Structures are given as C-alpha cells and as structure tokens.
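One structure is given here, and the rest of the page talks about it.
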Amino acid sequence: VSEACIHSGADPFSFVGQPRSADGHAFTIDDQFAEAVEQFVGFVRNLIGLNYIVALERQVSPQIHWDNLPPLAVDLFGTSDVVAYNPVTKHLVIADLKFGRGIAVDAIGNTQLRYYASGAAHPGVLKPLCDHAGEAYQGVDQVDLVIIQPRAFHPDGPIRKDTLSYADLIDWSQTTLYQGVERALTDNGKTVCAGDHCRWCPALPGCDEPEKISRQVAAAAFASAPLDNVPFADLPDPSAKPDPNLPAAATNNLPEVSLTDDKLAELLDKSTVLKMWIKALEDIAHERLEAGKQIPGWKNVPKRAVRKWSEDDAETMLQTLSTTGLPPEDYSVSKPLTPAQVERRVGKNLYASVVAPHVVKTSSGTTIAPEGDPRARLRQRSGAEAFGAAPLSENKE
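Residue numbers (our numbering): 2 to 398.
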C-alpha cells in the first residue's frame with residue numbers, strides 16, 4: 002500500500018475498506034492501518050521534496066565492500082525498504098518500515114539497518130540511481146539509519162534514527178560484520194550468544210543454550226534465596242515505629258538475600274531468553290496437539306469464553322434491548338453494548354430472562370495446559386469439521 006501511494010501519489014486513506022491478504026492472513030484496511038501507512042509515506046515524500054533520489058525495495062549486499070578481504074563462501078543480500086541519496090549533501094538515508102505493534106525496534110546500533118546501509122553506500126548501487134535521475138554521483142559522507150514504526154510505542158517516537166559517518170559504516174562492515182559471518186561459517190555452530198534476538202530464530206525451540214541458561218538462572222536464584230521461610234508471626238508490625246538505635250537490617254526481621262543488583266540484572270536479562278524459549282516450545286506443542294498428536298502430560302483446552310451477541314443483525318439486538326425499559330442511549334451508541342455491559346445496566350434478573358437467550362460464548366482459541374487442569378480436553382475435530390462441512394457446536398448461555 003505504501004509503495005502504491007508513493008508511486009501514484011494516492012492517499013493512504015483511499016484504500017480504507019479494501020480487502021488484502023499477506024502471509025496467509027486476510028484483513029481489511031481500516032483507518033488505523035491507513036494512518037500508520039501515512040507516516041511512512043509522508044517520510045518518503047519529504048525526502049523526495051528535499052531532492053533525494055529515492056529507490057524502494059532495493060536489493061543490496063554488504064559484500065560489495067569485501068573485495069580486499071579473503072572471500073567467504075556465502076551470498077549475502079537484503080532488501081532495503083528505502084534507499085535515498087542526496088548528491089548535493091552527500092547524504093544517504095536507509096529507512097525501514099516496521100509495522101508490528103508488539104516489539105519496539107531501536108534505531109541506535111541497529112545491525113539490520115547497518116547491513117542494508119553498507120550494501121547501499123557504494124557507487125555500484127548509487128551511481129545508477131543518479132544516472133537515471135540525471136544527477137552526478139558525488140560519494141557519501143554521512144548515513145542516517147531510520148526506523149519508522151507507527152504502531153508500537155517508543156520514547157523516541159514513531160520515527161527514530163541513528164547517524165554514522167561513511168568511514169565508520171564501512172569499518173563496521175569490514176570488521177564486525179565480516180568477522181561475525183566468518184565465525185558463523187567456520188565454528189560448526191559452537192558460537193552461541195543468547196539474547197533478545199533469539200525470538201526471531203527458527204532454531205530456538207531445539208537450541209541447547211536456553212536450557213543451559215535456565216539451569217544457571219535457577220542455581221543463582223536458589224543460591225541467593227533464604228533457606229527458611231519467614232514465619233508470619235516474625236514479620237514486623239507495620240504500624241510500629243522502627244527503633245532508631247538498630248540498623249535497618251535488624252528492624253525488619255527478614256533474612257538477608259545475597260543477590261546483588263548487578264546479579265539480579267544479569268538474571269533478568271537471561272530470563273527474557275527463557276520466556277522466549279518457553280513460548281516457542283508452547284507454540285510447537287499447541288500446533289502438534291491441534292494436529293491431533295499426543296504430548297505426554299499435556300492437552301489443549303478452551304480459552305476463557307467471552308460473551309457476544311448471537312445475532313449478527315444489530316437492528317434485531319436493538320429491538321430486543323428496547324424491551325428492557327432503558328432509554329436507547331443507555332444500551333447503545335451506534336451499536337449494541339457488549340453483553341457484560343448490558344448486564345451491569347439492566348441487572349442480572351432482567352438480563353437472564355430477556356437478554357441471555359441472545360448471547361453465545363465462544364472461546365478465542367485453544368491453549369495448552371497440564372493434564373491436571375480442571376478444564377476438559379478438547380475433542381479431536383472430524384475431517385468434515387476441519388474443512389468446514391460441519392461446524393463445531395457453540396456453548397449457549
């Protein structure tokens with residue numbers, strides 16, 4: 002959508018209401034989608050207005066700077082969302098649109114952008130752009146690395162950047178990047194550095210490193226914990242005034258924990274890897290259980306059901322709610338309130354007799370749980386149900 006707007010001059014909001022599909026997901030473009038796209042499109046249009054030569058979706062390779070280094074048996078490339086070059090100021094801009102709302106991406110020290118930039122900051126890439134625009138290539142002095150992420154909060158705002166000199170960028174490509182690639186190709190997978198980046202790794206569920214970290218975290222945590230629980234009777238009276246003649250440690254009657262702030266920070270950093278590892282394991286287990294496989298000691302169970310109106314027709318529901326005796330403004334804005342909201346307004350008795358027959362409970366999906374969980378195991382769907390010929394029955398309230 003962004004490319005279509007930039008190439009044609011269209012307004013992102015002109016796409017609102019249109020169906021789209023990407024990565025197996027079907028969706029309809031709404032106002033929030035268009036507003037986010039507008040920020041990216043506006044950024045690129047500003048570059049064009051400042052006489053930058055702009056290329057979208059340009060494939061680049063940092064190996065373009067490795068001619069004087071021993072060759073590596075690998076073909077590196079990447080596709081940069083935006084490569085923008087101003088021959089007058091000798092300024093290069095590499096911009097990447099991040100549309101996710103979950104994880105805010107930092108621009109400072111962003112290796113993905115440096116990777117793209119080192120592949121773009123070369124006459125072999127920029128000179129053809131200049132020739133096509135009728136401009137002369139003048140070299141590169143400075144590079145801006147820009148993240149545009151409209152839907153995730155970041156203290157630096159939705160558009161944030163890092164700035165490098167051309168010399169520092171090429172030095173990074175020929176040292177840090179080159180050496181890292183060389184090590185990855187020659188160490189037989191023995192160099193493992195767990196961190197936040199693990200969330201994107203397809204090998205995470207079967208990786209030994211998170212398991213090693215889990216043992217380290219557990220050992221350090223238990224070693225720093227008090228050996229005995231504190232009896233409730235030994236806890237201080239919160240209303241009592243502390244004895245000024247006693248040191249602070251002696252006034253609270255709590256056992257001293259030897260976990261330093263630095264060690265705690267280290268364990269918390271490691272725990273983020275464990276959370277990602279556990280989530281990856283749960284996703285695989287959920288997928289296998291959904292496919293009908295058996296995971297010893299685990300099962301898929303319904304998630305918490307949420308009340309919703311059983312009728313799709315809003316007019317029908319509005320007519321039903323009008324019989325509760327409430328004025329329309331108390332149960333509707335432009336559509337009926339949720340079942341829970343209506344119940345709070347009309348009371349449980351009237352809700353049960355008039356409204357509840359029009360409410361169904363549907364789970365948002367499934368989740369895994371230990372075998373001892375009180376929720377019933379989901380029955381395996383039949384082939385007809387899986388392919389839509391026979392819908393699963395809904396639980397009516």
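Note that the Cβ used here is the ideal one computed from N, Cα and C, for glycine as well. Keep in mind that this is a model prediction, so the values were computed, not measured.
Return the residue from the list the options that minimises the CA-CA distance to residue i.
i: THR187; options: ILE30, GLN320, VAL75, SER22; result: VAL75
i: ASP107; options: THR164, ASP262, ALA23; result: THR164
i: GLY18; options: SER9, THR29, ALA11; result: THR29
i: GLY196; options: GLU183, GLY207, PRO211, VAL182; result: PRO211
i: TRP310; options: ILE214, PRO340, PHE44; result: PRO340
i: ALA118; options: TYR86, ILE296, PHE16; result: TYR86
i: THR176; options: THR367, LEU290, ARG289, TRP67; result: TRP67
i: GLN139; options: LYS99, GLN150, HIS92, THR112; result: HIS92
i: MET318; options: ARG305, LEU338, PRO303, LYS304; result: LEU338
i: GLN143; options: GLY125, ASP169, ARG152, PRO124; result: ASP169
i: GLU283; options: ILE148, ILE171, SER272, ILE296; result: ILE296
i: ILE405; options: GLY120, LEU127, GLN60; result: What the structure shows of the chain is the stretch from 2 to 398, and residue 405 is not part of that stretch, so it cannot be assessed.
What separation, rounded to the nearest whole angstrom, lies between the Cα atoms of residue i and residue j?
i: TYR167; j: ALA219; result: 45 Å
i: LEU205; j: ALA281; result: 7 Å
i: PRO329; j: ALA266; result: 54 Å
i: GLU4; j: VAL193; result: 38 Å
i: PRO129; j: CYS6; result: 24 Å
i: ARG200; j: ASN69; result: 35 Å
i: LEU322; j: TYR332; result: 7 Å
i: ALA185; j: LYS362; result: 51 Å
i: ALA357; j: LEU327; result: 16 Å
i: LEU51; j: SER22; result: 34 Å
i: HIS133; j: SER81; result: 19 Å
i: GLN40; j: CYS131; result: 26 Å
i: GLU36; j: ILE285; result: 35 Å
i: ALA105; j: VAL360; result: 38 Å
i: PHE14; j: LEU48; result: 21 Å
i: LEU98; j: PHE154; result: 14 Å
i: SER62; j: LYS300; result: 46 Å
i: ILE214; j: VAL45; result: 43 Å
i: SER272; j: ALA221; result: 12 Å
i: ALA315; j: LEU290; result: 37 Å
i: SER9; j: ALA56; result: 14 Å
i: LEU146; j: LYS162; result: 5 Å
Exposed or buried, residue i, counting other C-beta atoms within 10 Å across all chains shown (16 or more means buried)?
i: ARG102; result: exposed
i: ALA11; result: exposed
i: VAL89; result: exposed
i: ARG115; result: buried
i: SER354; result: exposed
i: ARG216; result: exposed
i: VAL84; result: buried
i: PRO156; result: exposed
i: PRO232; result: In this predicted model, PRO232 has a pLDDT of only 48, less than 50, meaning its place in the structure is not dependable enough to derive any value.
i: ALA292; result: exposed
How far does the beta strand (DSSP E) with residue i in it reach, from first residue to last?
i: VAL84; result: 79-87
i: ILE279; result: Taken as a continuous stretch (DSSP letters only), ILE279 belongs to no beta strand (DSSP E), being part of the alpha helix (DSSP H) at 262-291.
i: LYS309; result: 306-310
i: GLN98; result: In the sequence under discussion, the amino acid at residue 98 is Leu, which differs from the Gln named in the question. Its beta strand (DSSP E) spans residues 92-98.
i: ILE54; result: 54-61
Along the chain, where does the alpha helix (DSSP H) that runs through residue i open and close?
i: VAL38; result: 32-50
i: PRO124; result: 124-134
i: LEU170; result: 167-173
i: GLN113; result: 112-121
i: ARG345; result: 340-347
i: HIS8; result: 3-9
i: GLN180; result: 179-187
i: LEU322; result: 315-322
Would the C-beta of residue i count as close to the ligand HEM, meaning under 7 Å from any of its heavy atoms?
i: ASP31; result: Annotation note on the ligand HEM: not contained in the displayed structure, which lists no ligands.
Excluding the 5 residues preceding and the 5 following residue i in the sequence, name in chain order all residues of the same chain whose CB lies nearer than 6 Å to its CB.
i: GLN64; result: LEU77
i: VAL2; result: PHE16, VAL38
i: GLU136; result: PRO88
i: LEU236; result: Any reading at LEU236 needs caution, since the residue's pLDDT is 48, under 50, leaving its predicted position unreliable; the model's value is listed next. Excluding positions up to five away in sequence, the list is empty.
i: ASN230; result: Bear in mind that the predicted position of ASN230 carries a pLDDT of just 47, short of 50, making it unreliable; the figure below should be weighed with that in mind. Correct list: empty, nothing qualifies.
Please work out which residues of its chain come closer than 8 Å, Cβ to Cβ, to residue i, disregarding the five sequence neighbours upstream and downstream, and give them in chain order.
i: VAL182; result: LEU73, VAL75, LEU77
Between which residues of its own chain and residue i is the CB-CB distance below 7 Å, once the five residues before and five after are set aside?
i: TYR179; result: TRP67, LEU70
i: LYS276; result: none
i: LEU351; result: THR325
i: VAL42; result: SER3, CYS6, ILE7, PRO13
i: PHE100; result: ALA37, ARG152
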